[in-house]
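Notes follow the structure.
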Amino acid sequence: MPEQIAVTVNGSLVVVAPGTSVAAAMMRAGASCRTSVRGEPRGPLCGMGICFECRAEIDGILHSRSCQILCVAGMNIKTDA
Amino acid sequence: MLVVGGGPAGIAAAVSAAQSGKRVAIADDNPALGGQIWRGETIHSDPSARAWISQLRESSVELFPGARIFDQPAPGVLNAETMDGSMVFEYGKLILATGARERFLPFPGWTLPNVMGAGALQALAKAGLPIQGKRVVVAGTGPLLLAVASYLNQRGAIVVAICEQASLATLGAFGLRLFEHPGKIAQAWGLHRELARVRLLTSAWPMAAVGNQILESVVMSVKGTQQRISCDYLACGFHLVPNTELAALVGCRLEGGFVQVDELQTTSVPNIFCAGEPAGIGGVDLALVEGQIAGLAASGHGAAAEKLRRQRAKLQSFARSLEKTFQLRPELKRLAAPETIVCRCEDVTLSQLQPHGSWRAAKLQSRCGMGPCQGRICGPATQFLLGWTPDSVRPPVLPVKLRNLTSESHQPKGELTSVM
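Quick mapping for you: the protein sequence lines, in order, are chains A and B. For reference, each letter of the first sequence is one residue, going 6 to 86 in our numbering. For reference, each letter of the second sequence is one residue, going 26 to 445 in our numbering.
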């Protein structure tokens, strides 16, 4: 069993396997990724870095494409939902 | 020699080109190579993927994952954004293997969380999204639906239904054509057995996704009648759209939405080659052959490349039959309601777009296509719904941090270097 990785999504601890994308960790935490221009919750659409629907704040960097970034121990993830 | 895109076409191109002893690098958007199809464990489970990846590892090809190219400030120079900064690539020959994305069509509720691309759900599942016991409806069109359903099924998801917009009659005709391509039969047979207990509905498409803040059910049109199906995920893609933005930026001529190439995969720009989906949607086998041709041709081994032409012609004929079978039916143009959002980045609805006569007018007046995806999702949708063609590509082809855009490292250097 490979070692698990702990990250924080909107302040809650989420434990994931190595190789888990931030988008998957956010979905596991039940968080939608962003709030749209007119206030709707949005989740990942394309899963491959094209649509930008999965963008979130990752370790202080705004608008990061969470589907193309892998979880690293201690990562701090914030969504605007 | 720089290869942009580390999927099958890019890997085949780089490996083939590196045999000449020339210096070859691959730059790719993603954190790991393999592209969309050789993602995650596929690299180990698919024999062809395994063979190519091991050839790549044994080669001298330099790898730059997580490098997203956004501009060509001068011929032969490309700027890229990385996770923690920026990079400059200088090339003598460029091979574009930028792949494809899924085509999304707007329908009421398609913006709800958990409605996503078919390939997207597969990618997320491979990247750690638990799907065991989740009810999934796979919908849209094309062979990808079966592959995705099969994968999700293997991983313990409950694939409630596969909804293919093409009719049973067209699929039947396609089935007969499979016999002209023996390799594909095994593939189709494997999937068929895997999916023996899954409901495959033809002439079926999503009319609405329903849920309070998150997907709860879908309303499907199945042979003209409506069915409501409860599910956790709707994995929905309407075949593929080539990623041609970078090709257009570096000046390659496009034809019918694809990068125009000759027999040696050369584009209209003499030192730029293109392989795989941007040159015509054809799947992994065609991408591998085109990649090899491009890699050999770019490294001066045109004669060796010529030998692969027959193989390519055969795979191209298969691709054409796919294209015909999975053509979108006109009924799908009426799926979006006036209040349905078409541009997800800027929340622009169909009724806000309809008064405008062109993509450009709609952009100027409604902000459609002006968000971070730069029209990559709504562009193909408006093309199908309204007949519009996006008419220009300008740098940066991706949203880039200001500090990377203005970075001094973008002053061209003497050779292929990583500047961090």
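No residue lacks a Cβ here, since even glycine has one placed at the ideal position from N, Cα and C.
Cut-off 6 Å between Cβ atoms - residues of its own chain near residue i, not counting five sequence neighbours on either side
i	result
Ser228 (chain B)	Ser192, Lys248
Nearest-angstrom Cα separation, counted from residue j out to residue i
i	j	result
Leu313 (chain B)	Ala300 (chain B)	8 Å
Thr442 (chain B)	Leu27 (chain B)	Because Thr442 (chain B) sits at a pLDDT of 42, beneath the cut-off of 50, its placement in the model cannot be relied upon, and the point is left open.
Leu119 (chain B)	Ser324 (chain B)	11 Å
Gly79 (chain A)	Val27 (chain A)	12 Å
Asn139 (chain B)	Arg48 (chain B)	44 Å
Ile94 (chain B)	Leu423 (chain B)	8 Å
Leu225 (chain B)	Phe199 (chain B)	16 Å
Glu87 (chain B)	Ser383 (chain B)	43 Å
Ser391 (chain B)	Ala105 (chain B)	30 Å
Gly412 (chain B)	Gln379 (chain B)	11 Å
Arg359 (chain B)	Ala29 (chain A)	33 Å
Met108 (chain B)	Gly91 (chain B)	7 Å
Gly35 (chain B)	Ser84 (chain B)	14 Å
Glu371 (chain B)	Leu130 (chain B)	16 Å
Below-9 Å beta-carbon distance, residue i vs any chain A residue
i	result
Met445 (chain B)	Unreliable positioning characterises Met445 (chain B) in this predicted model, as indicated by a pLDDT of 33, which lies under 50. The coordinate reading is nonetheless provided below. No, because no Cβ of chain A sits closer than 9 Å to the Cβ of Met445 (chain B).
Leu241 (chain B)	Looking at the sequence shown, residue 241 (chain B) is not Leu but Glu. Chain A, which has no Cβ nearer than 9 Å to the Cβ of Glu241 (chain B), makes this no.
Pro268 (chain B)	Checking the sequence shown, residue 268 (chain B) turns out to be Asn, not Pro. At least one chain A Cβ lies under 9 Å of Asn268 (chain B).
Pro131 (chain B)	no
Gly30 (chain B)	no
Gly153 (chain B)	yes
Met112 (chain B)	no
Leu427 (chain B)	no
Gln336 (chain B)	no
Arg369 (chain B)	yes
Arg359 (chain B)	no
Asp96 (chain B)	no
Pro424 (chain B)	yes
Cys393 (chain B)	no
Pro303 (chain B)	no
Asp71 (chain B)	no
Arg93 (chain B)	yes
Glu106 (chain B)	no
Asp287 (chain B)	no
Gly101 (chain B)	no
Asp372 (chain B)	yes
Distance between beta carbons of residue j and residue i, contact taken as under 8 Å
i	j	result
Gly60 (chain B)	Gly32 (chain B)	2 Å
Asp96 (chain B)	Pro421 (chain B)	5 Å
Gly54 (chain A)	Asn55 (chain B)	7 Å
Ala34 (chain A)	Val14 (chain A)	4 Å
Cys38 (chain A)	Ser17 (chain A)	Contact doesn't hold; Cβ gap of about 15 Å is too wide.
Spatial neighbours of residue i in its chain, beta-carbon cut-off 7 Å, leaving aside the 5 residues before and after
i	result
Glu440 (chain B)	Low per-residue confidence applies at Glu440 (chain B): pLDDT is 46, beneath 50, and the placement is therefore not dependable, though the value from the model is reported in the following sentence. These residues qualify, in order along the chain: Glu115.
Leu169 (chain B)	Ala143, Gly144, Gly262
Ala174 (chain B)	Val163, Val184, Ile187, Leu220, Val223
Arg160 (chain B)	Ile183, Val185, Ser255, Cys256, Asp257
Gly24 (chain A)	Leu75
Residue i at chain B interface by Cβ criterion, 9 Å
i	result
Glu45 (chain A)	yes
Leu75 (chain A)	yes
Val3 (chain A)	It is not possible to answer for residue 3 (chain A), since the shown part of chain A is limited to 6 through 86.
Gly79 (chain A)	no
Ala11 (chain A)	no
Ser17 (chain A)	no
Ala34 (chain A)	no
Ser37 (chain A)	yes
Neighbourhood of residue i by C-beta, 8 Å cutoff - its chain only, sequence neighbours within 5 removed
i	result
Thr136 (chain B)	Ile366, Arg369
Residue i beta carbon near the ligand HEM (any heavy atom closer than 8 Å)
i	result
Val309 (chain B)	As far as ligands go, the structure on display features none, and thus does not contain the ligand HEM.
Subject >> Contact list for the segment 136–151 of chain B against chain A, Cβ threshold 9 Å >> reply: Under the 9 Å Cβ criterion, the segment 136–151 of chain B contributes Thr136, Leu137, Pro138, Asn139, Val140, Met141, Gly142, Gly144, Ala145, Leu146, Gln147, Ala148, Leu149, Ala150, Lys151.
**OP:** With 8 Å as the limit, tell me which residues of the segment 35–69 of chain B have their beta carbon closer than that to any beta carbon of chain A; keep them in chain order.
**Re:** Those would be Asp54, Asn55, Pro56, Gln61, Gly65, in chain order.
**OP:** Scan the segment 40–68 of chain A for residues whose Cβ lies nearer than 8 Å to a Cβ of chain B and list them as they occur along the chain.
**Re:** Under the 8 Å Cβ criterion, the segment 40–68 of chain A contributes Ser41, Val42, Arg43, Glu45, Pro46, Arg47, Gly48, Pro49, Leu50, Cys51, Gly52, Met53, Gly54, Ile55, Cys56, Phe57, Glu58, Arg60, His68.
**OP:** Please name the residues in the segment 404–420 of chain B whose beta-carbon is closer than 8 Å to at least one beta-carbon of chain A, in chain order.
**Re:** Residues passing the 8 Å Cβ filter: none.
Subject >> Selection of the segment 221–238 of chain B by Cβ proximity to chain A, strictly under 7 Å >> reply: Contact annotation: in the segment 221–238 of chain B, residues whose CB is within less than 7 Å of a CB in chain A are Gln238.
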